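Taking it in order: structure first as structure tokens, then the write-up.
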Amino acid sequence: MNKNIKICSLGGYGEIGKNMTVIEYKNSIIIIDCGISFPDNEHPGIDYIIPDIGYLENKKKKIKGIFITHGHEDHIGALPYIIEKLNYPKIFCKNLAKELIEEKLIDKGIKYNKFKPVTKRNNKVKAGSIKVEFINVNHSIMDSSALYIRAGNKSIFFTGDFKIDYTPIKEDFIDLNRISEIGQQNIDLMIVDSTNVTHEGLSYSEKQVGIEMNEIISNIENRVIIATFSTNLSRLVQIFNIAKKNDRKVVVLGRSLKRIIKIAYKLGYIDLKNYEIINKNEVDNYKDDQLLYLITGSQGEKLSALKRASRDNNRDLELKSNDTILISAKVIPGNEVAINRMVNDLHRKVDEVYYENVSEIHVSGHASKEDIKIITKLLDPKYIVPNHGEYKHIKKMKKLMIHLGYEEEQIKLVENGDFLLLEDNNLKLEKDVIKSGEILIENREMGFIDINKLFERKIMGESGLIFIILYLTDKRNTIPREPEFIIKGIQFDDRFINEMKEKVKSVVNVLENEELYEDELFKKRIRRRLKRYIRKRKYKDPFVIIKIME
Ligand SMILES: [Zn+2]
Ligand SMILES: [Zn+2]
């Protein structure tokens, strides 16, 4: 039997988002993470993008489990869409991820009870012929792990999203002891988080955020409104602490925040009895300087509490000019435009808005250069694959590793769809051999949205749409009535519209017999000539639809 390990990159390689790695040894497969990414302007109307799991189609029986490093969307978000397709494999994960996944599955009406909880003590799993150990790391969500994977005589260290936080809040320091022990055992391959490889120095501690925020809030004499990532429990704990220190009651607005606080309480991560949380109906009993609103919407999400408040559309929170707003989060790629718009709207309403680029009220959960160096030196792997990064990041990681003394051949730049074979004395990279790609989720439903449809949508959005009703006699070579033009998303004056009508009529007059009677051909001819005309005259390229009425 083959003693080599196969590693397939289905998502998260050469990109930040929709993480999914498949590791295959003998007749066992494990999957690491199963996430979504968020669409950008190239994907209008799309909610999420998930990895294509076509590669696993004929291998379902070999799947021994899905291993979740932590509960962020780019690591768990795709589970509701694929768990059924994979025949409901076991999910191995820590507490917080379990709660978050469970909610997602329930939301989708999926019954699932094959969770295998991983705890501090119970952190080693045997999955077929593959052994996996969960190692505690720091990140921007509690219960984050790296994975130490062994199969036969080979081993892989998968860092997951991580950083080194010397002063974490309410969680343990990254298990550097265990990592250095593992480093003594000859690691073959390290797959490493590259998100912040371009950041110099050590990464900042979560504790620093608390200090900065407290500094700001202790000087405010009116209401404070904070939007943050709901999953960052350490941050929530700090915000509760700051509220307490500054004699403010906390008002929580937004469904996802309320849910996560409930979960955090259930798991013992936030001791709610320590804090004064009041209901939104009680705020009138307090003065402005006694209130701190904790709300959703750090990404400018359409229906979030902050977004609605910015549009005067939130009954629970009407903004006042003396309010102070803190957006304690970074911009997730794809959300730039929405956030920017919201931040501008907020500036119209209130005097002071703190957000990324103007304040230190957020720190990243990803390793900076010095953190990466420490881990690499402790593990001293034979081969390195940078992941969780766009191409520019993984390329930078390669440079950093060469700086640390690694040879070019020891570092493989892997993108989605590539295939790695870990052999006794080699790591072979085959480019673009596995079925991988993007599945787009629209209206929260799984669907293979035709890429052409998306393209049409994009053209319509960017260049407008012309809908033409063309009246023809049954002989088709005469036009009994003026064609009607319905024009959307693009502006032409009457003169040009008349010119277009004339153009259409003139095209009809010169069409050949065959073109006249074959509907699709007929439309194609007219569309092509009209579009050429518009391009030449107006430098525009709208989407043209023609309906023929006889
Ligand atoms: Zn993460
Ligand atoms: Zn991530």
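For the sequence shown, the tail end lands on 1151 under our numbering, and the numbers increase by one without skipping. Quick reminder that beta carbons are idealized off the backbone N, C-alpha and C, glycines included. Small disclaimer: the values here were computed from a predicted structure and weren't measured.
Here D889 carries a helix assignment [DSSP, helix/strand/coil].
Between the alpha carbons of I775 and I1091 lies a gap of roughly 55 Å. Proximity of the beta carbon of G966 to ligand 1 is indicated: a heavy atom of the ligand is located closer than 8 Å. By the criterion of at least three beta-carbon pairs nearer than 8 Å, the segment 932 to 952 is in contact with the segment 899 to 908. For V1108, the secondary structure class from DSSP, reduced to helix, strand or coil, is helix.
Inclusion of H989 and T799 in the CB contact set at 9 Å is not warranted, their separation being larger than that value. Taking the Cα of F1086 as reference, the smallest distance to any Cα among I1149, D1025, N914 is reached at I1149. Not one heavy atom of ligand 2 falls within 8 Å of the beta-carbon of I650. Put simply, the backbone Cα of H671 is about 32 Å away from that of T925.
If you compare the alpha carbons of V825, I933, K607, N936 with that of S922, the shortest gap goes to V825. Under the 10 Å beta carbon count, D653 is surrounded by 16 or more other beta carbons and is classified as buried.
For C635, DSSP records no beta bridge to any residue. As the crow flies, the alpha-carbon of S746 is around 26 Å from that of I1003. Collapsing the DSSP output to three states places I765 in coil. Nearest to S741 by alpha-carbon distance, out of E704, G935, E772, is E772. Restricting attention to alpha helix (DSSP H) runs no shorter than 4 residues, the segment 694 to 749 encloses them at 696 to 708, ordered along the chain.
As a beta-bridge residue in DSSP terms, T925 pairs with V825, E953. H676 has its Cβ nearer than 8 Å to a heavy atom of ligand 1. Excluding the 5 residues flanking it on each side, E674 has same chain C-beta neighbours closer than 7 Å at G636, I637, in chain order. In the structure shown, A752 adopts extended strand secondary structure according to DSSP, grouped into three states. Ligand 2 approaches I617 closely enough that one of its heavy atoms is under 8 Å from the residue's Cβ. Of the residues Y689, L1030, R1096, L834, the one whose Cα lies closest to the Cα of I606 is L1030. Rounded to whole angstroms, the separation of the alpha carbons of I1135 and Y1118 is 25 Å. The beta-carbon separation of G1062 and I1035, rounded to 32 Å, does not stay under the 8 Å limit for a contact. An exposed status is given to T768, since fewer than 16 other beta-carbon atoms sit within 10 Å of its beta-carbon. One residue list follows from the rule of a beta carbon closer than 5 Å to any heavy atom of ligand 1, given in chain order as H673, D762. Here L868 has N696 as same chain residues with Cβ atoms under 6 Å from its own Cβ, once five neighbours each way along the sequence are excluded. Following the DSSP letters along the chain, one finds S857 inside the alpha helix (DSSP H) bounded by residues 856 to 867. In this structure, N815 sits away from I770, with a CB-CB distance that is not shorter than 9 Å. Cβ neighbours of R751 within its own chain (closer than 7 Å, five residues either side excluded): K732. Around the beta carbon of V793, 16 or more other beta carbons lie within 10 angstroms, which makes this residue buried. Taken atom to atom, the span from the alpha-carbon of Y870 to that of I632 is near 28 Å. A direct Cα-Cα distance of roughly 23 Å separates N754 from F693. By the Cβ rule, the segment 674 to 687 counts as touching the segment 699 to 707, because three or more pairs are nearer than 8 Å.
Straight-line spacing of the CA atoms in D952 and K997 works out to 40 Å.
Of the residues assessed, P1081 falls on the exposed side of the cut-off, its CB having fewer than 16 other CB atoms within 10 angstroms.
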